[in-house]
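Residue numbers (full-length UniProt numbering): 1 to 1068. For reference, the structure is listed below as structure tokens.
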Amino acid sequence: MVQSETAYHWDEMVFLRYHGLKSSVVGINEKITIARGDKVELACPIDIATCGELHSLKWFKGTERIAVVSGDGEVAKVEGSYNDRLSLSHEAQTSRLIFRSVEIADEDTYLCETTFLEPSELCENSGAYSVALNVYAVPSVITLQDGNRNSIKNGSHIGPMREGQDLQVVCEVYGARPEPVISWHRSGRVVRDNLVVEEHNGLFTVKSTLSLTLSRQELGATYNCRVEMKGLHLSVDNQFHIDLQVRPTKINLSGVEHHTVQGTKVLLQCQVSGARPAANMTWYNSSKLITEESSEMTSINTKTYLQNDGTFETISQMIFTATRFENGASMRCEADNIVMREDMDRPLHDTLTLEVMYPPVVSVKPENITVNETQDFLIFCDYEANPASLESVKWYRNNQEIKLNSVRYEGGNPEQTALLIKNSTRHDIGAYTCELSNSIGFDVSDNEVYVDVIYKPTVMLTMDPEAPVVENDQANITLLCNIVDGNPMLLTKVRWFLDGEFLKELPECEEETLGTDENLCEVDPSKMLLQNVGREFIGNYSCEGFNAAGWGDVSEENPLDIYYEPGNASMVHYPYIAIKRRSVTFNCSIEDRGNPAASRYRWLRGGKPVLDVVTPSWTVDPVGLDSRTTFACFAYNEGGEGYPAEVNLEVHAPPAFIQKLQPYTGALFSTTNMSLSCRVECIPSCSISWFKDGIGIEESDERYYITNTYLPSEPATGDFESAYSVLHFNMSAWPNGILDRIKDSSNYSCVSTNNSAGPGVRSTTYFGVEYPPENTSLSSTTISVEEGKIPPKIVCSSRAYPEPAFYWTRNGEIIAKGSALIVDEGLRRSDAGKYTCTAFNKHGNHSTDAYIDIHYKPTCQIMRKEIEDEDVLICVATGSPRESEFEWSVKYANDSLQSHRIKSDAYESYLTLDDAVSAMRIYVCVASNNVGMGTPCEMEVAGYVAWWLKGDVLTPYILIGAVAALLLAVILVCIIIICICRRKRRQEKCKYRKLTQSHTYQHMITDPHSVRDRKTKTKTHLRNINGNECEQVVRLGFLSVLWFSRVFRWYEICSFLILGLCSIYLSL
1 MVQSETAYHW
11 DEMVFLRYHG
21 LKSSVVGINE
31 KITIARGDKV
41 ELACPIDIAT
51 CGELHSLKWF
61 KGTERIAVVS
71 GDGEVAKVEG
81 SYNDRLSLSH
91 EAQTSRLIFR
101 SVEIADEDTY
111 LCETTFLEPS
121 ELCENSGAYS
131 VALNVYAVPS
141 VITLQDGNRN
151 SIKNGSHIGP
161 MREGQDLQVV
171 CEVYGARPEP
181 VISWHRSGRV
191 VRDNLVVEEH
201 NGLFTVKSTL
211 SLTLSRQELG
221 ATYNCRVEMK
231 GLHLSVDNQF
241 HIDLQVRPTK
251 INLSGVEHHT
261 VQGTKVLLQC
271 QVSGARPAAN
281 MTWYNSSKLI
291 TEESSEMTSI
301 NTKTYLQNDG
311 TFETISQMIF
321 TATRFENGAS
331 MRCEADNIVM
341 REDMDRPLHD
351 TLTLEVMYPP
361 VVSVKPENIT
371 VNETQDFLIF
381 CDYEANPASL
391 ESVKWYRNNQ
401 EIKLNSVRYE
411 GGNPEQTALL
421 IKNSTRHDIG
431 AYTCELSNSI
441 GFDVSDNEVY
451 VDVIYKPTVM
461 LTMDPEAPVV
471 ENDQANITLL
481 CNIVDGNPML
491 LTKVRWFLDG
501 EFLKELPECE
511 EETLGTDENL
521 CEVDPSKMLL
531 QNVGREFIGN
541 YSCEGFNAAG
551 WGDVSEENPL
561 DIYYEPGNAS
571 MVHYPYIAIK
581 RRSVTFNCSI
591 EDRGNPAASR
601 YRWLRGGKPV
611 LDVVTPSWTV
621 DPVGLDSRTT
631 FACFAYNEGG
641 EGYPAEVNLE
651 VHAPPAFIQK
661 LQPYTGALFS
671 TTNMSLSCRV
681 ECIPSCSISW
691 FKDGIGIEES
701 DERYYITNTY
711 LPSEPATGDF
721 ESAYSVLHFN
731 MSAWPNGILD
741 RIKDSSNYSC
751 VSTNNSAGPG
761 VRSTTYFGVE
771 YPPENTSLSS
781 TTISVEEGKI
791 PPKIVCSSRA
801 YPEPAFYWTR
811 NGEIIAKGSA
821 LIVDEGLRRS
831 DAGKYTCTAF
841 NKHGNHSTDA
851 YIDIHYKPTC
861 QIMRKEIEDE
871 DVLICVATGS
881 PRESEFEWSV
891 KYANDSLQSH
901 RIKSDAYESY
911 LTLDDAVSAM
921 RIYVCVASNN
931 VGMGTPCEME
941 VAGYVAWWLK
951 GDVLTPYILI
961 GAVAALLLAV
971 ILVCIIIICI
981 CRRKRRQEKC
991 KYRKLTQSHT
1001 YQHMITDPHS
1011 VRDRKTKTKT
1021 HLRNINGNEC
1031 EQVVRLGFLS
1041 VLWFSRVFRW
1051 YEICSFLILG
1061 LCSIYLSL
């Protein structure tokens, strides 16, 4: 068994080519080549036909006898140590020596020596037959290993390895015979190797060592170790590939040839070839490393391409936007790989110097300029550019170009970039920038000069807060004198005015107080605080501001408004005592309306505000339980709320039902607990009385008892105090403790008394005695209808109170609701059955059943059975009604069936088949009932066939037994007849002798001829007698056999023949 992944199935390959191979060799009769471990037979031919009887046979291995066989083969012995592995097979013309498992040591020349007892002269046998047995062995293991004895798989890669390294690979074969040949190949060419061969126990071990010093020539190389067994015409290849790493050999940087312009995309390409693995690329700007992370405007794309020689070509492209900072810069590309890094070699590099043309880079100065209005000022514009010559100069103020054609401006041209502005005004205030352009483009200064021209302020007065304030808030108001225009926009002094009159000037400080604790000069003069403002602060305020340019104009007046609340309220209402469900009106009034004048009022009900009422008059409609509380009102405005007025409202309620009697009240006739109740709201209080059919119910009536309760108000429902009365039915006082269905159905009423708020109220209910459904009946209990037709409706009725409802069910499922069962479509036969009507009310239910019978034409089915040893067809009809009439016929035949073979009843019909009919027939049965004639059914019946022709499995055996029994019976009858006839003859012979002797004695003297004639007649008479009796016996036997043969009719002819032969024999 090969033990390596690089091994092949040597056994199968050798077996296909050489198993049982034979060839003739000089001095050797036969040559056999076999694999080790296989079974082989050495055959020795024995020419018995020519040489005669064999005496003995011997087998020799070389000169050693290993087996002997006697001539008759009874003695066959394997000698010595071969007994366990060899066996002998001896036949008349061949003797075989069998090796169960061939070993290498079994390879030799085997001699078969034959000795004959008396060899004839024609025997050409020399007495010896030789067989050369050659044993081969496939390699048990084929391995590839490196110098460190690590296994190398077939087709795998070794490495990575670097050029200049030494590589040693060993290809080794174990356990082969004959000696295998190992050779190394590279690209089809043989490579020198070192070979070592060892032999042990007839098996060869061959080891071939390949030694290499790696160079670029090994790039992509495949080395193949070929193991050949030339005697067997077999070879196996194991190969490996070298993963060789080499340094790059060439670098080239290309890109801009002359110059580029700032802002354009620049593509530099660095190409490195001859490296494996692929080279790593690095970009530098002079000595500064360039990466995509270091510059958002730079993109580096590197791709690697595998070349035919196994090396990689790496192309790195760097794309960036050229700026003035790259002008004169040295762009460098470096490349290396792991081979160079491990050898500490400097990377390959190439350099390219860039020239970038760019527009002017501009700056202005000085940073800030401050002048008084009408003064002159000068601004400078400096730049750097490639090329340095300018084509135009522009100046901008607040990003607006300045038209330099005025006499107020000097300079601002390519020869003099600085700008002089004369007689400055407030419109010259702003940020100044300069724009220069050359042949490449233009640029605006990245900084600006701010020019400030100072002038007198313009102010506006505002208040914080701006909205009117409420007096009760005791708020503070800040007056702000805001500068609208002026330069500088800072007020150093402010004068304040109220209604045109001077109030004060801020800050309030004197020169002699500077530096003391009482110094007020640090106060912001543009703000004045009014504290705890009240209605006395109402007026128009204005201010005047001062800056470095002087006092400005007085601002427009701004009014200050102070809100305050209205005065105390008073309230009246009508009517004085409110009635529930009626209205009451409240009026609220004030004397001081406040600022602004109050026009809205706020109402409170039970201490809670009423949000939807803001008028001085409020009508509450309707009045309810929630109106029996405190009402309050007050006026309010933006200044606050006035003092409220309050009143407690008294409310009365006329009698009204909270719980009245239902129009109808029902109770089960057998109830044990029944009562009626009503509840009447009334303030002042009232009482309740009960009436039956208009007649008051007295407390002395034992059938009833009354309970009365006065209940408190219920805020949740809005109900006032109420009288609650319950009329209880004392069922124990009723006859039999039950209600009468007719007499006890009455009108019951509850009636309240009057009070000061209104008249009393009455509520009436009809009290009905109820009972569950009973006496349920149907308009029709049984209905018969033909299939496909619509049946008449069935109406269900029942007695119950309240009136019952109805539903119809079939098989436990509801099919209709209502008292009538109406079918709108034709019925099917599956719809036949029981339909149940159920009447129900809240007290129970009662049911009754209706039956629907579906009539339909019969369907028939023919069955075949054997009844009392006769073959019978049975026609069974299924229909509604079930009673049917039957008619039999033969399909495709004119003749009719015999009536005595047909028997029928109301459900089935029987037809007895005629066994005389040999032809196939189709029998048709038609069933009909009072609905009509059904569909015919038919059955195909084959003609009568004798039972021994039906092809049963047991038929042949039955026939054979029958023939044997018949023959045995015939033979027995013949034997009996023969025995009887012989016995009769013997008896007649005895009588004849006696009679002859008597007659001879009497007539011997008188007439010898007559005696002779009498003997002859006597013999003839006896023969006739014997013949008649035998004929009777034969006839009896014949009749017996003939009767027996009727059971087996086809044997009649045979019986006649046998009896005829017996008759002939007896007659003879």
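All residues carry an ideal CB built from backbone N, CA and C; glycine is no exception. Model, not experiment: these values are computed from the prediction.
The beta strand (DSSP E) runs lying completely inside the UniProt domain "Ig-like" (566-650) and spanning 3 residues or more are 569-574, 577-579, 584-590, 600-605, 608-610, 617-620, 630-637 and 645-648, given in chain order. By the Cβ-count criterion, residue 92 is exposed, with fewer than 16 other Cβ atoms from all chains shown falling within 10 Å of its own Cβ. Sequence-distant partners of residue 377 (beyond 5 residues in either direction) whose C-beta falls short of 7 Å from its own C-beta, in its chain, are 369, 371, 421, 424 and 451. Between residue 474 and residue 532 the beta-carbon gap is near 5 Å, inside 8 Å, which marks them as a contact.
Secondary-structure assignment with DSSP links residue 973 through no beta bridge to anything. With the rule of 3 Cβ pairs closer than 8 Å, the stretch 314-332 counts as touching the stretch 269-276. Taking a contact to require three or more Cβ pairs closer than 8 Å, the stretch 820-832 and the stretch 771-788 qualify as touching. Shown here for residue 384: same chain residues with a beta carbon closer than 6 Å to its own, the five before and five after excluded, namely 361 in chain order.
Considered as a whole, the stretch 775-801 harbours 782-786 and 794-801 as its complete beta strand (DSSP E) runs of no fewer than 3 residues, in chain order. Here residue 547 is buried, its C-beta having at least 16 other C-beta atoms within 10 Å. Rounded to the nearest angstrom, the gap between the Cα atoms of residue 667 and residue 628 is 41 Å.
Distances from the CA of residue 905 to each of 728, 917, 929 and 471 were compared; the closest alpha carbon is that of 929.
Closest in alpha carbon position to residue 861, among 748, 874, 855 and 867, is 874. DSSP lists 872 as the beta-bridge partner residues of residue 912. Between the alpha carbons of residue 289 and residue 386 lies a distance of about 26 Å. Boundaries cannot be given for residue 246, as no alpha helix (DSSP H) includes it and DSSP labels it neither H nor E. For residue 251, the pairing in a beta bridge is given by DSSP as 272. The secondary-structure analysis by DSSP pairs residue 726 across a beta bridge with 677 and 707.
When rounded, the separation of the alpha-carbon atoms in residue 302 and residue 416 is 50 Å.
Bridge partners of residue 454 according to DSSP: 372.
Three or more Cβ pairs drawn from the stretch 99-114 and the stretch 51-71 lie within less than 8 Å of each other, which places the two stretches in contact. Per DSSP, the unbroken alpha helix (DSSP H) holding residue 48 starts and ends at 48-51. Using a 10 angstroms sphere on the CB of residue 90, the tally of other CB atoms reaches 16 or more, which defines it as buried. Excluding its 5 nearest sequence neighbours in each direction, residue 87 has C-beta neighbours in its own chain below 6 Å: 98, listed in chain order. Exposure of residue 117 is indicated by the presence of fewer than 16 other C-beta atoms within 10 angstroms of its C-beta. In this structure, residue 330 sits near residue 351, with a CB-CB distance shorter than 7 Å. Closest option to residue 223, judged by alpha-carbon separation, among 207, 168, 399 and 177: 168. For residue 567, the closest alpha carbon among the candidates 589, 580, 556 and 574 is that of 589.
DSSP places residue 340 in the uninterrupted alpha helix (DSSP H) bounded by 338-342. Remark: C-beta atoms of residue 461 and residue 542 approach each other more closely than 7 Å. Residue range 203-213 is occupied by the beta strand (DSSP E) that includes residue 204. A check of alpha carbon separations from residue 845 across 398, 808, 856 and 767 identifies 808 as the nearest. The residue from 72, 70 and 771 with its alpha-carbon nearest to that of residue 843 is 771. If you ignore the 5 residues before and after residue 396, its C-beta comes within less than 8 Å of the C-beta of 402, 432, 433, 434, 435 and 444, all in its own chain and listed in chain order. By the criterion of at least three beta-carbon pairs nearer than 8 Å, the stretch 71-85 is not in contact with the stretch 136-152. The C-beta of residue 654 has 16 or more other C-beta atoms within 10 Å across all chains shown, which makes the residue buried.
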